[in-house]
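Asks:
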Amino acid sequence: MENSKFAIVLGATGGIGEEICRSLASSGWSLYLHYNKNKEKAIQLENELARTYRQATFIAVQADFSLPDGADRLAREIEDLHAIVVANGHSLLKLLSETTVEDMDLLWKVHVQNPTRFIGLVSSKLRITNPSYIVMIGSIWGNTGAAGEVMYSAVKGAQHAFVKAYAKEAAYSGIRVNAIAPGWIETRMNDEIPLEEKKEVIEEIPLLTTGRPEHIADLVSFLISGKADYITGEVLNVNGGWYI
535 MENSKFAIVL
545 GATGGIGEEI
555 CRSLASSGWS
565 LYLHYNKNKE
575 KAIQLENELA
585 RTYRQATFIA
595 VQADFSLPDG
605 ADRLAREIED
615 LHAIVVANGH
625 SLLKLLSETT
635 VEDMDLLWKV
645 HVQNPTRFIG
655 LVSSKLRITN
665 PSYIVMIGSI
675 WGNTGAAGEV
685 MYSAVKGAQH
695 AFVKAYAKEA
705 AYSGIRVNAI
715 APGWIETRMN
725 DEIPLEEKKE
735 VIEEIPLLTT
745 GRPEHIADLV
755 SFLISGKADY
765 ITGEVLNVNG
775 GWYI
(Lines of atoms letter the chains of each structure in order from A; the text may use other names.)
(Lines give C-alpha, C1' and ligand atoms only; values in the text may rest on other atoms or scores of the structure.)
Protein backbone atom coordinates (compact mmCIF):
# COMPACT_ATOMS: atom_id res chain seq x y z
CA MET A 535 0.00 0.00 0.00
CA GLU A 536 2.86 2.41 0.74
CA ASN A 537 3.86 2.45 -2.92
CA SER A 538 0.38 3.23 -4.22
CA LYS A 539 -1.02 6.61 -5.22
CA PHE A 540 -4.28 6.88 -3.29
CA ALA A 541 -7.33 9.08 -3.84
CA ILE A 542 -10.61 8.99 -1.98
CA VAL A 543 -13.89 9.57 -3.78
CA LEU A 544 -16.60 10.72 -1.40
CA GLY A 545 -19.93 9.50 -2.75
CA ALA A 546 -18.39 6.76 -4.87
CA THR A 547 -21.71 4.97 -5.43
CA GLY A 548 -23.48 8.00 -6.95
CA GLY A 549 -23.90 8.41 -10.69
CA ILE A 550 -21.06 10.91 -11.02
CA GLY A 551 -18.93 9.39 -8.24
CA GLU A 552 -19.02 5.95 -9.80
CA GLU A 553 -17.81 7.28 -13.16
CA ILE A 554 -15.06 9.26 -11.44
CA CYS A 555 -13.86 6.06 -9.76
CA ARG A 556 -13.64 4.22 -13.08
CA SER A 557 -11.80 7.10 -14.72
CA LEU A 558 -9.25 7.46 -11.92
CA ALA A 559 -8.68 3.70 -11.71
CA SER A 560 -7.95 3.63 -15.44
CA SER A 561 -5.34 6.35 -14.83
CA GLY A 562 -3.52 4.25 -12.26
CA TRP A 563 -4.98 5.55 -9.02
CA SER A 564 -5.71 3.34 -6.05
CA LEU A 565 -8.97 4.36 -4.42
CA TYR A 566 -10.90 4.58 -1.21
CA LEU A 567 -14.54 4.21 -2.26
CA HIS A 568 -16.68 6.09 0.23
CA TYR A 569 -20.34 5.23 0.61
CA ASN A 570 -23.10 5.82 3.14
CA LYS A 571 -25.95 3.32 2.78
CA ASN A 572 -25.31 1.49 -0.48
CA LYS A 573 -22.81 -1.09 0.77
CA GLU A 574 -23.77 -3.65 -1.87
CA LYS A 575 -23.01 -1.27 -4.71
CA ALA A 576 -19.76 -0.13 -3.10
CA ILE A 577 -18.53 -3.72 -2.75
CA GLN A 578 -19.63 -4.47 -6.31
CA LEU A 579 -17.64 -1.47 -7.58
CA GLU A 580 -14.64 -2.44 -5.46
CA ASN A 581 -14.64 -5.96 -6.91
CA GLU A 582 -15.13 -4.71 -10.48
CA LEU A 583 -12.17 -2.33 -10.25
CA ALA A 584 -9.97 -4.90 -8.51
CA ARG A 585 -10.58 -7.40 -11.33
CA THR A 586 -9.85 -4.85 -14.04
CA TYR A 587 -6.90 -2.99 -12.49
CA ARG A 588 -4.86 -5.60 -10.65
CA GLN A 589 -1.88 -3.34 -9.90
CA ALA A 590 -4.01 -0.96 -7.82
CA THR A 591 -5.81 -1.23 -4.49
CA PHE A 592 -9.49 -0.48 -3.92
CA ILE A 593 -11.05 -0.18 -0.47
CA ALA A 594 -14.72 0.53 0.28
CA VAL A 595 -15.14 2.75 3.37
CA GLN A 596 -18.41 3.73 5.04
CA ALA A 597 -19.33 6.98 6.73
CA ASP A 598 -22.64 8.75 7.28
CA PHE A 599 -22.14 12.46 6.61
CA SER A 600 -25.56 13.29 8.03
CA LEU A 601 -24.03 12.65 11.48
CA PRO A 602 -21.95 15.28 13.28
CA ASP A 603 -18.96 12.94 13.56
CA GLY A 604 -19.18 11.43 10.07
CA ALA A 605 -15.92 12.99 8.92
CA ASP A 606 -14.06 11.96 12.06
CA ARG A 607 -15.10 8.34 11.63
CA LEU A 608 -14.00 8.31 8.02
CA ALA A 609 -10.66 9.98 8.69
CA ARG A 610 -9.71 7.16 11.07
CA GLU A 611 -10.00 4.69 8.16
CA ILE A 612 -7.58 6.52 5.87
CA GLU A 613 -3.84 5.89 5.62
CA ASP A 614 -1.91 7.24 2.62
CA LEU A 615 -3.71 9.91 0.61
CA HIS A 616 -2.77 12.06 -2.36
CA ALA A 617 -6.12 13.35 -3.62
CA ILE A 618 -9.68 13.96 -2.40
CA VAL A 619 -12.71 14.13 -4.69
CA VAL A 620 -15.88 15.36 -2.99
CA ALA A 621 -18.76 13.94 -5.03
CA ASN A 622 -21.27 13.08 -2.32
CA GLY A 623 -24.49 15.01 -1.94
CA HIS A 624 -28.12 15.28 -0.97
CA SER A 625 -30.70 17.05 -3.13
CA LEU A 626 -33.68 19.03 -1.85
CA LEU A 627 -36.55 20.36 -3.96
CA LYS A 628 -38.55 22.65 -1.66
CA LEU A 629 -39.66 26.24 -1.45
CA LEU A 630 -37.77 28.10 1.26
CA SER A 631 -41.02 28.62 3.17
CA GLU A 632 -41.43 24.83 3.35
CA THR A 633 -37.81 24.05 4.24
CA THR A 634 -37.35 22.93 7.83
CA VAL A 635 -34.45 23.45 10.19
CA GLU A 636 -33.81 19.72 9.90
CA ASP A 637 -33.60 20.04 6.09
CA MET A 638 -31.10 22.87 6.42
CA ASP A 639 -29.02 21.02 8.99
CA LEU A 640 -28.82 17.90 6.81
CA LEU A 641 -27.77 19.86 3.72
CA TRP A 642 -25.08 21.68 5.67
CA LYS A 643 -23.63 18.55 7.24
CA VAL A 644 -23.59 16.53 3.99
CA HIS A 645 -22.33 19.20 1.61
CA VAL A 646 -20.16 21.46 3.77
CA GLN A 647 -19.49 20.53 7.38
CA ASN A 648 -18.36 16.92 7.00
CA PRO A 649 -16.49 17.22 3.68
CA THR A 650 -14.51 20.24 4.88
CA ARG A 651 -13.96 18.71 8.31
CA PHE A 652 -12.64 15.58 6.62
CA ILE A 653 -10.27 17.65 4.49
CA GLY A 654 -8.97 19.38 7.59
CA LEU A 655 -8.44 16.09 9.42
CA VAL A 656 -6.46 14.45 6.61
CA SER A 657 -4.65 17.55 5.32
CA SER A 658 -1.42 16.40 7.01
CA LYS A 659 -1.45 13.35 4.72
CA LEU A 660 -1.87 15.52 1.64
CA ARG A 661 1.01 17.76 2.69
CA ILE A 662 3.42 14.82 2.59
CA THR A 663 3.15 14.74 -1.22
CA ASN A 664 3.68 17.84 -3.38
CA PRO A 665 1.59 18.23 -5.42
CA SER A 666 -1.62 16.83 -3.98
CA TYR A 667 -5.20 17.59 -4.94
CA ILE A 668 -8.73 18.38 -3.81
CA VAL A 669 -11.64 18.55 -6.25
CA MET A 670 -15.17 19.38 -5.13
CA ILE A 671 -18.18 18.64 -7.33
CA GLY A 672 -20.26 21.77 -6.84
CA SER A 673 -23.20 22.80 -9.02
CA ILE A 674 -24.41 25.32 -11.55
CA TRP A 675 -26.83 26.38 -8.81
CA GLY A 676 -23.92 27.33 -6.58
CA ASN A 677 -23.11 29.98 -9.19
CA THR A 678 -26.50 31.29 -10.25
CA GLY A 679 -29.08 29.85 -7.78
CA ALA A 680 -32.32 28.01 -8.47
CA ALA A 681 -35.87 28.75 -7.39
CA GLY A 682 -37.25 25.78 -5.49
CA GLU A 683 -33.73 24.76 -4.51
CA VAL A 684 -32.68 27.76 -2.48
CA MET A 685 -30.92 25.95 0.35
CA TYR A 686 -29.30 23.44 -2.02
CA SER A 687 -28.00 26.42 -4.01
CA ALA A 688 -26.74 27.98 -0.79
CA VAL A 689 -24.65 24.99 0.31
CA LYS A 690 -23.25 24.55 -3.20
CA GLY A 691 -22.29 28.22 -3.14
CA ALA A 692 -20.59 27.55 0.20
CA GLN A 693 -18.57 24.76 -1.42
CA HIS A 694 -17.41 27.13 -4.14
CA ALA A 695 -16.41 29.75 -1.55
CA PHE A 696 -14.51 27.10 0.43
CA VAL A 697 -12.52 26.14 -2.67
CA LYS A 698 -11.47 29.73 -3.34
CA ALA A 699 -10.42 30.33 0.27
CA TYR A 700 -8.75 26.99 0.98
CA ALA A 701 -6.82 27.13 -2.31
CA LYS A 702 -5.00 30.18 -0.89
CA GLU A 703 -4.43 28.60 2.51
CA ALA A 704 -3.24 25.22 1.16
CA ALA A 705 -1.09 26.49 -1.70
CA TYR A 706 1.96 26.78 0.54
CA SER A 707 1.71 23.04 1.17
CA GLY A 708 1.48 22.18 -2.53
CA ILE A 709 -2.22 21.30 -2.42
CA ARG A 710 -4.25 22.27 -5.48
CA VAL A 711 -7.91 22.95 -4.67
CA ASN A 712 -10.53 23.28 -7.40
CA ALA A 713 -14.24 22.72 -8.00
CA ILE A 714 -16.35 21.57 -10.92
CA ALA A 715 -19.82 23.06 -11.34
CA PRO A 716 -21.92 20.66 -13.45
CA GLY A 717 -25.09 21.68 -15.21
CA TRP A 718 -27.66 19.03 -16.15
CA ILE A 719 -25.88 15.67 -16.03
CA GLU A 720 -27.70 12.47 -16.94
CA THR A 721 -27.71 10.52 -13.68
CA ARG A 722 -30.27 8.37 -11.89
CA MET A 723 -31.30 11.42 -9.87
CA ASN A 724 -32.65 13.06 -13.04
CA ASP A 725 -34.46 9.99 -14.36
CA GLU A 726 -37.70 10.98 -12.63
CA ILE A 727 -37.90 14.43 -14.21
CA PRO A 728 -40.71 14.58 -16.81
CA LEU A 729 -39.63 14.48 -20.45
CA GLU A 730 -41.37 17.78 -21.29
CA GLU A 731 -39.49 19.56 -18.51
CA LYS A 732 -36.23 18.08 -19.76
CA LYS A 733 -36.96 19.30 -23.30
CA GLU A 734 -37.56 22.82 -21.97
CA VAL A 735 -34.18 22.78 -20.23
CA ILE A 736 -32.35 21.47 -23.31
CA GLU A 737 -33.75 24.36 -25.34
CA GLU A 738 -31.96 26.74 -22.92
CA ILE A 739 -28.58 24.99 -23.31
CA PRO A 740 -26.53 26.38 -26.23
CA LEU A 741 -25.07 22.95 -27.05
CA LEU A 742 -28.66 21.59 -27.09
CA THR A 743 -27.81 18.49 -25.07
CA THR A 744 -27.41 17.42 -21.48
CA GLY A 745 -24.10 16.22 -20.06
CA ARG A 746 -22.92 12.76 -19.09
CA PRO A 747 -21.06 11.64 -15.94
CA GLU A 748 -17.99 11.02 -18.11
CA HIS A 749 -17.76 14.76 -18.81
CA ILE A 750 -17.25 15.38 -15.09
CA ALA A 751 -15.01 12.37 -14.55
CA ASP A 752 -12.70 13.38 -17.42
CA LEU A 753 -12.19 16.82 -15.92
CA VAL A 754 -11.51 15.38 -12.47
CA SER A 755 -8.88 13.10 -13.98
CA PHE A 756 -7.25 16.06 -15.72
CA LEU A 757 -7.20 18.23 -12.60
CA ILE A 758 -5.34 15.59 -10.57
CA SER A 759 -3.18 14.24 -13.40
CA GLY A 760 -0.23 16.57 -12.94
CA LYS A 761 -1.12 18.34 -16.20
CA ALA A 762 -3.14 21.06 -14.44
CA ASP A 763 -0.78 21.94 -11.61
CA TYR A 764 -0.89 25.70 -12.26
CA ILE A 765 -4.65 25.72 -11.72
CA THR A 766 -5.97 26.25 -8.19
CA GLY A 767 -8.93 28.06 -6.65
CA GLU A 768 -11.05 27.68 -9.78
CA VAL A 769 -14.72 26.72 -10.17
CA LEU A 770 -14.89 25.17 -13.64
CA ASN A 771 -18.27 25.13 -15.39
CA VAL A 772 -19.34 21.99 -17.25
CA ASN A 773 -22.81 22.85 -18.48
CA GLY A 774 -22.87 23.09 -22.28
CA GLY A 775 -23.03 26.88 -22.09
CA TRP A 776 -26.18 26.90 -19.94
CA TYR A 777 -24.50 29.31 -17.52
CA ILE A 778 -21.49 31.37 -18.61
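Residue numbers (the numbering used here): 535 to 778.
We treat Cβ as the ideally placed atom computed from N, Cα and C, and that holds for glycine.
Exposed or buried, I542, counting other C-beta atoms within 10 Å across all chains shown (16 or more means buried)?
Replies: The sequence position of residue 542 within the sequence shown is 8, counting from 1. Result: buried.
Asks: Short of 7 Å in beta carbon distance, which residues of its chain neighbour M535, apart from the five on each side in sequence? Order them along the chain.
Replies: Start at 1 with the first residue of the sequence shown, and residue 535 comes out as number 1. Any reading at M535 must be qualified, since the residue scores a pLDDT of 41, below 50, and its modelled position is unreliable; the value itself is stated next. Answer for M535: T591, E613 and D614, listed in chain order.
Asks: Kindly say whether R610, judged by its beta-carbon, lies nearer than 8 Å to any beta-carbon of chain B.
Replies: In summary, chain B is missing from the structure at hand, where a single protein chain is found.
Asks: In the DSSP assignment, find the unbroken alpha helix (DSSP H) run with Y686 in it and report its ends.
Replies: As a first step, residue 686 must be located in the sequence shown, where it is residue number 152. Where Y686 is concerned, the enclosing alpha helix (DSSP H) stretches over V684 to A704.
Asks: Measuring only the C-alpha atoms, how far is P602 from K573?
Replies: The residue you call residue 602 lines up with position 68 of the sequence shown. The residue you call residue 573 lines up with position 39 of the sequence shown. Cα-Cα distance, rounded: 21 Å.
Asks: Starting from N677, trace the alpha helix (DSSP H) in both directions and tell me its first and last residue.
Replies: Walking along the sequence shown from the start, residue 677 turns up at place 143. Note, N677: alpha helix (DSSP H), W675 to T678.
Asks: Return yes when the Cβ of V689 is within less than 8 Å of the Cβ of L641, no when it is not.
Replies: For the purposes of this step, residue 641 is identified with residue 107 of the sequence shown, where counting begins at 1. For the purposes of this step, residue 689 is identified with residue 155 of the sequence shown, where counting begins at 1. Yes, the Cβ-Cβ distance between L641 and V689 is below 8 Å.
Asks: Just checking, does the stretch 664-675 make contact with the stretch 705-718 on the three C-beta pairs under 8 Å criterion?
Replies: With a cut-off of 8 Å, the stretch 705-718 and the stretch 664-675 count as touching, because enough Cβ pairs lie within range.
Asks: Which class does A628 belong to by DSSP, given the choice of helix, strand or coil?
Replies: Working through the sequence shown from its first residue, we reach residue 628 at position 94. Looking at the sequence shown, residue 628 is not Ala but Lys. If DSSP states are grouped into helix, strand and coil, K628 belongs with the strands.
Asks: Measure the CB-CB distance between A546 and E553 and report whether it falls below 8 Å.
Replies: Position 12 of the sequence shown holds residue 546. Position 19 of the sequence shown holds residue 553. No, the pair does not count as a contact, with Cβ atoms beyond the cut-off.
Asks: Would you report the Cα separation of H781 and S625, rounded to the nearest angstrom?
Replies: A query on residue 781 cannot be resolved here, the shown segment of the chain reaching from 535 to 778 and no further.
Asks: Closest to I758 by C-alpha separation, out of S658, T743, T744 and A713, would be which residue?
Replies: The residue given as residue 758 occupies position 224 in the sequence shown. Comparing Cα-Cα distances from I758 to each of S658, T743, T744 and A713, the minimum goes to A713.
Asks: For the beta strand (DSSP E) holding S666, just list the boundary residues, first then last.
Replies: Here residue 666 refers to the residue found at position 132 when the sequence shown is read from its first residue. Element bounds for S666: S666 to I671.
Asks: For L770, report the span of its beta strand (DSSP E) as first-last.
Replies: Here residue 770 is taken as the residue at index 236 of the sequence shown, counted from 1. Where L770 is concerned, the enclosing beta strand (DSSP E) stretches over V769 to V772.
Asks: Near S557, what residues of its chain come up, given a Cβ to Cβ distance below 8 Å and the 5 sequence neighbours on each side ignored?
Replies: On the sequence shown, residue 557 is found 23 positions in, with the first residue counted as 1. Closer than 8 Å at Cβ, skipping near neighbours: E748, A751, D752, V754 and S755.
Asks: Using a Cβ-Cβ cutoff of less than 6 Å, which residues in the same chain neighbour Y587 once the five nearest sequence positions on both sides are dropped?
Replies: One-based indexing of the sequence shown puts residue 587 at position 53. Cβ-Cβ distances below 6 Å link Y587 to A559 in the same chain, with the five nearest sequence neighbours on each side left out; the list follows chain order.
Asks: Please go through the same chain and pick out, in chain order, the residues whose beta-carbon is closer than 6 Å to the beta-carbon of K698, but skip the five residues on each side of it.
Replies: Taking the first residue of the sequence shown as 1, we reach residue 698 at position 164. G767.
Asks: Name the two residues that bound the continuous alpha helix (DSSP H) containing P747.
Replies: Residue numbering aside, residue 747 sits at position 213 when the sequence shown is read from its first letter. Residues P747 to L757.
Asks: Could you tell me which whole alpha helix (DSSP H) segments of length 4 or greater appear in the stretch 579-656?
Replies: 604-609 and 635-642
Asks: Go to L729, then tell me how far its alpha helix (DSSP H) extends in each direction, as first and last residue.
Replies: As a first step, residue 729 is located in the sequence shown; it is residue number 195 there, counting from the start. Its alpha helix (DSSP H) spans residues L729 to E738.
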